[in-house]
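S.K.:
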Amino acid sequence: PGEGEGKKKEAALRESIKRINNLNSLSSGDNITAFYGINQFSHLFPEEFRAIYLQCRAFKVPKYNREVSLEGTEKP
Amino acid sequence: LPAKFDWRDKKVITQVRNQETCGGCWAFSIVGAIESVYAIKGNVLEEFSVQQVIDCSYNNVGCQGGSTVAALSWLNQTHVKLVKDSEYLFKAETGLCHYFSRSDFGVSIIDYAAYDLSGQEDKMMKMLFHWGPLAVIVDAVSWQDYLGGIIQHHCSSGEANHAVLITGYDTTGSIPYWIVRNSWGRTWGIDGYAHIKMGSNICGIADEVSAVFV
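Top to bottom, those sequences are chains D and S. Just so you know, we're using the numbering used here here: the first sequence kicks off at 196 and counts up by one. Just so you know, we're using the numbering used here here: the second sequence kicks off at 29 and counts up by one.
(1) Counting only beta-carbon separations shorter than 9 Å, does D:A229 have a partner in chain S?
(2) Against chain D, which members of the segment 153-165 of chain S pass a CB distance test of less than 8 Å?
(3) Classify S:S101 as helix, strand or coil using the three-state DSSP reduction.
(4) Would you say S:Q80 lies against chain D (beta-carbon separation less than 9 Å)?
(5) Report the neighbours of D:N234 on chain S: residues whose CB is nearer than 7 Å to its CB, in chain order.
(6) If I measure Cβ to Cβ from S:W216 and keep anything under 7 Å in the same chain, skipping five residues before and after, which residues do I get?
(7) Contact check, S:G160 vs S:A239 under 8 Å by CB: the rounded distance?
(8) Is S:L156 closer than 9 Å to S:F33 when the C-beta atoms are compared?
(9) So, does the CB of D:K136 fall closer than 9 Å to a CB anywhere in chain S?
(10) Going by beta carbon distance, what residues of the same chain come within less than 6 Å of S:H190, once the five residues before and after it are set aside?
(11) Could you have a look at S:R112 and say whether DSSP puts it in helix, strand or coil?
(12) What residues from chain S crowd round D:L208, counting only those whose CB sits closer than 7 Å?
(13) Pull out every residue of the segment 53-78 of chain S whose Cβ sits closer than 7 Å to any Cβ of chain D, in chain order.
(14) Is the distance from the Cβ of S:L175 to the Cβ of D:N234 below 9 Å?
(15) The beta strand (DSSP E) with S:F56 in it runs from where to where?
(16) Closer than 7 Å between beta carbons: that is the criterion. Which residues of the segment 183-199 of chain S meet it against chain D?
(17) Short of 8 Å in beta carbon distance, which residues of its chain neighbour D:A246, apart from the five on each side in sequence? Order them along the chain.
(18) If you run the structure through DSSP and keep just helix, strand and coil, what is D:E266?
Given below as structure tokens:
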């Protein structure tokens, strides 16, 4: 990458490290609670990550009706 | 229901894919579900074309985003046959929809179910066990930095922005969790998977749950 792009990635990485420390502050370090760290997305600012990878939209669906049987393999 | 169940153990889950810079998570999620249900019905496990869904699902916007339920609705209404991945390769950008002749091999869905199951994750377990892997949407903002373990915090319900596939669950430990296949490659998370705590609608995992029938 060019110098500008490199600096941008460096800044994003610094921000990622701060964010990761905050996320891990609730972790008990027991390998059960989620743990966070540097990965393939750490060079992206959160807004960039969201714009690329988080593009799914919600769709209004009905609340599940408890009376529908799920005992068999047939759909309701 | 068994205390622990994962469709991967039945060899009906295809490998973890990588959506690259395409915002087509919604297509990866439902195609994964179709592949598995097709295999659960006794057919050979095949990879079907995610690109076909991205290009052809007119009620979504390809790599710019979409909805799992809208895509399932389109598949159900049109009875489009999904062709093999090798016939319609993933290229990580939206393209023109390719059409295939009726005689070409492909699988179409016969129906789907989509529900809000918040507060009823026990029902989700039954659906998963009886019907196959479930396509769900989640809040994945904090997943940018996820490496492993069970996600229990830093996630919201009602703020979905990503689609994934639940392949199993494990209730044998102190924290029961869903086993979730992502589409960010095998280097992300636990070999491409995440574990999410069950029972509290963590990340909104129960807000929009879809099952497919082929």
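By construction, the Cβ of each residue, glycine as well, lies at the ideal position given by its N, Cα and C atoms.
M.R.: Straight from the coordinates:
(1) The sequence position of residue 229 of chain D within the first sequence is 34, counting from 1. So yes, D:A229 belongs to the interface.
(2) K154, M155, H158, W159 and I165
(3) Working through the second sequence from its first residue, we reach residue 101 of chain S at position 73. The three-state secondary structure of S:S101, taken from DSSP, is helix.
(4) One-based indexing of the second sequence puts residue 80 of chain S at position 52. No, because no Cβ of chain D sits closer than 9 Å to the Cβ of S:Q80.
(5) As a first step, residue 234 of chain D is located in the first sequence; it is residue number 39 there, counting from the start. Neighbourhood of D:N234 in chain S, by CB distance below 7 Å: D173, L175 and W216, in chain order.
(6) To locate residue 216 of chain S, count along the second sequence from 1; it is residue 188. Excluding positions up to five away in sequence, the list reads N210.
(7) Locating residue 160 of chain S in the second sequence gives position 132, where the first residue counts as 1. Locating residue 239 of chain S in the second sequence gives position 211, where the first residue counts as 1. Correct: roughly 7 Å between the Cβ atoms.
(8) The count along the second sequence starts at 1 and reaches residue 33 of chain S at position 5. The count along the second sequence starts at 1 and reaches residue 156 of chain S at position 128. Yes.
(9) Outside the displayed span of chain D (196 to 271) sits residue 136 of chain D, for which this structure offers no information.
(10) Position 162 of the second sequence, counted from the start, is the residue given in the question as residue 190 of chain S. For S:H190, where only same-chain residues beyond five positions count, the Cβ hits under 6 Å are C53, V166 and A168.
(11) Sequence index remark: in the second sequence, residue 112 of chain S carries index 84 (1-based). A small correction: the amino acid at residue 112 of chain S is Lys; Arg does not occupy that position in the sequence shown. Shown here, S:K112 sits in a strand according to DSSP, grouped into three states.
(12) Your numbering for residue 208 of chain D matches position 13 in the first sequence. Neighbours of D:L208 in chain S, taken as residues at a C-beta separation under 7 Å, are lacking, since the least C-beta distance is about 11 Å.
(13) C53 and W54
(14) Counted from its first residue, the second sequence places residue 175 of chain S at position 147. Counted from its first residue, the first sequence places residue 234 of chain D at position 39. Yes, the pair counts as a contact, with Cβ atoms nearer than the cut-off.
(15) Translated into positions along the second sequence, residue 56 of chain S becomes position 28. Unbroken run through S:F56 is the alpha helix (DSSP H), C53 to I68; no beta strand (DSSP E).
(16) A188, N189, H190 and A191
(17) By 1-based counting over the first sequence, the position of residue 246 of chain D is 51. Taken in chain order, the list of residues that qualify is empty.
(18) In the first sequence, the residue the question calls residue 266 of chain D occupies position 71. Residue placement at D:E266 cannot be trusted, given a pLDDT of 49 that sits under 50; what the coordinates show is reported in the next sentence. Three-state result, D:E266: coil.
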